[in-house]
Structures are given as structure tokens and as C-alpha cells.
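Counting from 71, one number per residue, gives the positions in the sequence shown under my numbering. We put the CB at the ideal spot given by N, CA and C, even for glycine.
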Amino acid sequence: MSRGNNFRSAQQLYFEVRQQRATRIALTTVYRILHALADERIAETQRAEDGEILYRLRTGSEHRHYLLCRRCGDAVAFIPTALEKHTSELTNKHHYADVAHHIDLYGTCPRCLDD
71 MSRGNNFRSA
81 QQLYFEVRQQ
91 RATRIALTTV
101 YRILHALADE
111 RIAETQRAED
121 GEILYRLRTG
131 SEHRHYLLCR
141 RCGDAVAFIP
151 TALEKHTSEL
161 TNKHHYADVA
171 HHIDLYGTCP
181 RCLDD
């Protein structure tokens, strides 16, 4: 897993490792490593449109939302400022605590459109 914008599935990472090294590694081992990296907040996770969990190295600690390419996994971070403000106002008004939300946008990046 390298530091880049692309989120990748455990299977994609498994095949990359198998191609780049003569190492034999089981897919279950890749899943265990990825779960451990995510638990330690070294890797961040994102759900693909079909629900599959995707991984990449964490690039920051702040809460983020992403526009994800369906084909290559490229991710563009964005902050929906108006929504964040409204969420804060709504939770304060109704005295809720520990509120979480998740917003995903999916599309095809310009690079993949050209392919």
C-alpha cells in the first residue's frame, strides 16, 4: 500500500503483492493485516459503491468525505461545509451526542473516462 489517492480492495492489494514479490501470502493474511492497520489508524477505509471495504494509507486525522472513481479508486476529499454546520446545529438543538454520518459520492474520473 503506497501513499496515494487511490483506495484499493484487499483483493487488489493481494494481487499487487503477489505480482511484485515472489512471496506467497494468503488472502486471509492480507485481510488480517489491513484490519490491524485500520484499527491502529495507519490505514483509512472507505466503502465502495457495492459495499466492499477499500483501503489506503491514512493521510490525515480529520473527518473526510470522498468523491471516488468507480474504476481506479482515485479519491478527492471534500468538506460539505453547509452540511457539517447543519449537522452541528441539529445535534445541539436536539441534545444528541456522538453523532456520526457518512457521505460517499461515486463517479468516473477524467483519466478513466479517457481510457
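Which stretch, first to last residue, makes up the alpha helix (DSSP H) that contains residue i?
i    : result
Y101 : L97 to D109
V87  : A80 to Q90
R181 : P180 to D184
Rounded to whole angstroms, what's the CA-CA distance from residue i to residue j? Just pull it up for me.
i    : j    : result
Q82  : F148 : 25 Å
E169 : H135 : Strictly speaking, residue 169 in this sequence is Val, with Glu absent from that position. Cα to Cα, the separation comes out at about 15 Å.
I173 : V87  : 30 Å
I103 : P150 : 32 Å
V214 : L153 : The structure shown does not extend to residue 214, since the chain is modelled only from 71 to 185, so the question has no answer here.
C142 : A108 : 21 Å
L127 : D185 : 26 Å
K163 : K155 : 12 Å
Y176 : T129 : 20 Å
L124 : L183 : 21 Å
L97  : F85  : 9 Å
D144 : H133 : 18 Å
Mapping DSSP to helix, strand and coil, what is residue i?
i    : result
C139 : strand
F77  : coil
R128 : coil
A145 : strand
F121 : According to the sequence shown, residue 121 is Gly rather than Phe. G121 falls in the coil class under three-state DSSP.
In the DSSP assignment, the beta strand (DSSP E) including residue i goes from what residue to what residue?
i    : result
R117 : A113 to R117
Indicate whether the contact test is met: 3 or more Cβ pairs, each with one atom in the segment 100-115 and one in the segment 76-91, closer than 8 Å.
-> yes
Just checking, does the segment 90-100 make contact with the segment 159-167 on the three C-beta pairs under 8 Å criterion?
-> no
With a floor of 3 residues, list each beta strand (DSSP E) that falls wholly inside the segment 150-174, ordered by position along the chain.
-> none
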